[in-house]
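> Its first residue numbered 1, the sequence shown is counted upward by one per residue in the UniProt record's numbering.
Virtual Cβ for every residue (Gly too), placed ideally from N, Cα, C.
The model shown is predicted, which means the values in this text are computed figures rather than measured ones.
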Amino acid sequence: MNLKELQAWLGEWDGRAALWLPMTDPTLAEIAAPEWRFAPALTGFTGSSGTVLVTRDRAALLTDSRYWVQAEGELLPGVELLRDLPGTDDVWIDWVRRALPEGGRLIADQNLISSAEAERMEDRLGAWVGYAFETRALPRLP
């Protein structure tokens, strides 16, 4: 599945949602097992660390400074680079708030997020966060 196909699916599934797709697997390893590496197909990014954010009409890659230059050279047209800064979530929080329509929600796979990260997301976004989603339920992510 490529980005356009995922966005079309997302529009049909819940057009007011944004997906939070971290580059990890259910073990929460920093380097995900190959079957969980969907970022290259969705964004063009081949680095090993980051999070893909997708709405039905926008997409972004959140990654830290180790990968900024690489991401700038690899991201597909239309995929925004969000520069993750130590000690703040402001970059991606602002993106989510701008990208989601009224009543929209950020959806995360509870198998791919730590309880501490889930609490931080809920603290920052409140009712905008949901977990009724499993990445494996997506139609054929690479």
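Three-state secondary structure (DSSP) at ARG58?
Counting from one through the sequence shown, the residue named residue 58 turns up at place 58. The answer is coil: DSSP assigns ARG58 none of H, G, I, E or B.
> Thinking just about the alpha-carbon of each residue, which of ALA18, LYS4, ILE113 is nearest to the one in ARG97?
Numbered from its first residue, the sequence shown carries residue 97 at position 97. Selected option, being the one with the closest Cα: ALA18.
> CB ALA39 to CB VAL52, shorter than 9 angstroms?
In the sequence shown, the residue the question calls residue 39 occupies position 39. In the sequence shown, the residue the question calls residue 52 occupies position 52. Cβ distance < 9 angstroms, so ALA39 and VAL52 count as in contact.
> So the candidates are ARG66, VAL54, LEU85, THR63; which of them puts its Cα closest to the Cα of GLY78?
The sequence position of residue 78 within the sequence shown is 78, counting from 1. Minimum Cα distance to GLY78 is reached at VAL54.
> Between which two residues does the beta strand (DSSP E) carrying ILE107 extend?
By 1-based counting over the sequence shown, the position of residue 107 is 107. From DSSP, the beta strand (DSSP E) with ILE107 extends over 105 to 108.
> Drop a sphere of 10 angstroms on the beta-carbon of LEU85, count the other beta-carbons inside from all chains shown, and report buried for 16 or more, exposed for fewer.
For this step, residue 85 is matched to residue 85 along the sequence shown. So LEU85 ends up on the exposed side.
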